[in-house]
Amino acid sequence: MTLPDLDPAQPLRVPAPAKINLFLHIVGRRPDGYHLLQTAFRMLDWGDEITLRRRDDGLILRTTDVPGVPAEADLVVRAARALQAASGSAFGAEIGVLKRIPMGGGLGGGSSDAASVLLALNRLWGCGLSRRALQEIGLKLGADVPFFVFGETAFAEGVGEALSPLAVPPAWYVVVAPPVSVPTAEIFSAKELTRDTEILIMQGFAAHKTRNDMQAVVCVKYPEVAESLEWLSQYGDARMSGSGACLFAPFDTEGQARQVAASAPSGWKVWVARGLDRHPLKDWVAG
1 MTLPDLDPAQ
11 PLRVPAPAKI
21 NLFLHIVGRR
31 PDGYHLLQTA
41 FRMLDWGDEI
51 TLRRRDDGLI
61 LRTTDVPGVP
71 AEADLVVRAA
81 RALQAASGSA
91 FGAEIGVLKR
101 IPMGGGLGGG
111 SSDAASVLLA
121 LNRLWGCGLS
131 RRALQEIGLK
141 LGADVPFFVF
151 GETAFAEGVG
161 EALSPLAVPP
171 AWYVVVAPPV
181 SVPTAEIFSA
191 KELTRDTEIL
201 IMQGFAAHKT
211 RNDMQAVVCV
221 KYPEVAESLE
231 WLSQYGDARM
241 SGSGACLFAP
251 FDTEGQARQV
261 AASAPSGWKV
271 WVARGLDRHP
281 LKDWVAG
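Take the sequence shown: its position 231, counting from 1, is numbered 231 in this note's numbering, and each next residue is one higher.
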């Protein structure tokens with residue numbers, strides 16, 4: 001596929017899609033404390049939006065504030081600087097983020113933002129790094145970043161970096177965001193967390209009874225998640241994404257999903273999104 005040239009004088013707007021974990025099993029723990037996982041990642045056609053403008057002075061500037069996240073700690077800034085260091089690029093960037101994905105929701109918002117910055121600046125700066133190289137940079141930023149750079153529905157192992165393409169049926173999802181933010185580190189460190197789930201073979205996972213190993217722990221610690229899960233489970237196979245707090249249930253048609261979403265209790269944050277099998281920036285990098 002031949003891509004059109006980008007005008008570095010114009011702002012570049014790119015999507016950063018949310019993700020869900022169709023299942024998430026914790027199958028062990030490394031000596032360094034990192035948990036070994038098996039999961040299936042799928043993107044949604046809904047998420048954040050990143051605006052980038054190339055600078056010639058090498059400065060990396062964030063143009064939008066994120067409550068509680070200083071610029072130096074923001075993954076989009078860290079991603080841009082990591083790409084500078086890896087590529088030797090003398091360019092900089094102004095980076096703005098339109099946030100829609102809830103923070104602490106298990107939908108991969110920060111990781112997706114970072115991946116979109118890597119993919120877009122790799123092209124805007126003319127770095128020419130491969131997908132594998134961008135995935136290696138991304139892994140140092142967060143375990144979910146390599147998936148978004150990988151750019152398609154995937155079966156993941158290790159700490160989430162060992163990725164294989166995965167075919168799943170089309171689906172529409174009702175997503176519920178309970179009014180809590182769940183710290184991932186808190187759930188991973190919980191003593192009651194199951195860490196010895198049987199290892200699956202990728203080809204057979206769909207027929208296997210899967211789950212999210214973190215879900216029971218989160219529901220005990222955060223009653224709001226348990227309440228939302230109970231409501232959504234009335235309509236389908238509801239489960240939590242990542243370490244929470246967001247929940248989802250799949251439906252065959254958009255109409256079914258919208259009917260369920262419309263019946264949510266007043267004041268709840270509920271939306272409908274379609275499963276996305278390819279990242280919109282998938283073709284922006286070779287490999």
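For glycine and all other residues, C-beta sits at the position ideal for the given N, C-alpha and C.
Spatial neighbours of Asp61 within its chain, please: CB distance less than 6 Å, with the 5 preceding and 5 following residues excluded, ordered by chain position. One point to set straight first is that residue 61 is Leu, not Asp, in the sequence displayed. Once the five neighbours on either side are set aside, the close Cβ partners of Leu61 are Glu94.
What's the C-alpha gap between Ser130 and Ser266? 47 Å
If you reduce the DSSP assignment to three classes, tell me which class Pro250 lands in. strand
Neighbourhood of Leu288 by C-beta, 6 Å cutoff - its chain only, sequence neighbours within 5 removed: The structure shown does not extend to residue 288, since the chain spans only 1 to 287, so no value can be given for it.
When you compare only the Cα positions, how much space is there between Glu136 and Ser263? 43 Å
Would you report the Cα separation of Thr39 and Asp65, rounded to the nearest angstrom? 32 Å
How about Tyr173 and Pro280: are their beta carbons less than 7 Å apart? no
Return the residue from the list Leu12, Leu22, Ala9 and Arg123 that minimises the CA-CA distance to Ala238. Leu22
CA-CA distance, Asp57 and Pro8? 13 Å
Report all residues from its chain with a CB closer than 7 Å to the CB of Gln10; omit the five preceding and five following residues, and keep chain order. none
Residue closest to Leu36, alpha-carbon to alpha-carbon, out of Val270, Ser241 and Leu200: Leu200
Less than 7 Å between the C-beta atoms of Ala245 and Val180, yes or no? yes
Let me check one thing: in DSSP terms, what residues is Ser241 bridge-paired to? Per DSSP, none; premise fails for Ser241.
Phe291 to Gly109 span [Cα, whole Å]: In the structure as shown, the chain begins at 1 and stops at 287. Residue 291 is therefore absent and cannot be evaluated.
Quick check on Pro179: does DSSP put it in helix, strand or coil? coil
Could you pull out every residue in the same chain whose Cβ sits closer than 8 Å to the Cβ of Val270, ignoring the five residues on either side in sequence? Val174, Val175, Val176, Ala177, Ala261 and Ala264
Proximal residues to Ala71 (C-beta, below 7 Å), its chain only, five neighbours per side dropped: Arg62 and Val77
Quick check on the DSSP output: what are the complete beta strand (DSSP E) runs of length 3 or more inside the stretch 126–164, in order along the chain? 154–158
Expected contact under 8 Å - CB spacing of Leu83 and Leu52 to nearest Å: In fact, because the Cβ distance is near 12 Å, the residues do not count as touching under 8 Å.
Measuring CA to CA, which of Thr197, Thr184, Arg274 and Glu227 is closest to Thr210? Thr197
In three-state DSSP terms, what is Ile187? helix
For Thr51, verify whether its CB is less than 6 Å away from any heavy atom of the ligand FAD. By its list of ligands, the structure shown contains no ligand whatsoever, and the ligand FAD lies outside what it can speak to.
With which residues is Gly275 paired in a DSSP beta bridge? Leu44
Beta-carbon separation (whole angstroms), Leu44 vs Gly236, contact threshold 8 Å: At roughly 16 Å, the Cβ-Cβ gap does not stay under 8 Å, so Leu44 and Gly236 are not in contact.
Provide the residue span of the alpha helix (DSSP H) that contains Val66, from first to last. No alpha helix (DSSP H) holds Val66; DSSP gives it neither H nor E.
Relative to the C-alpha of Gly255, which residue among Ala273, Pro169, Met240 and Gly242 is closest? Ala273
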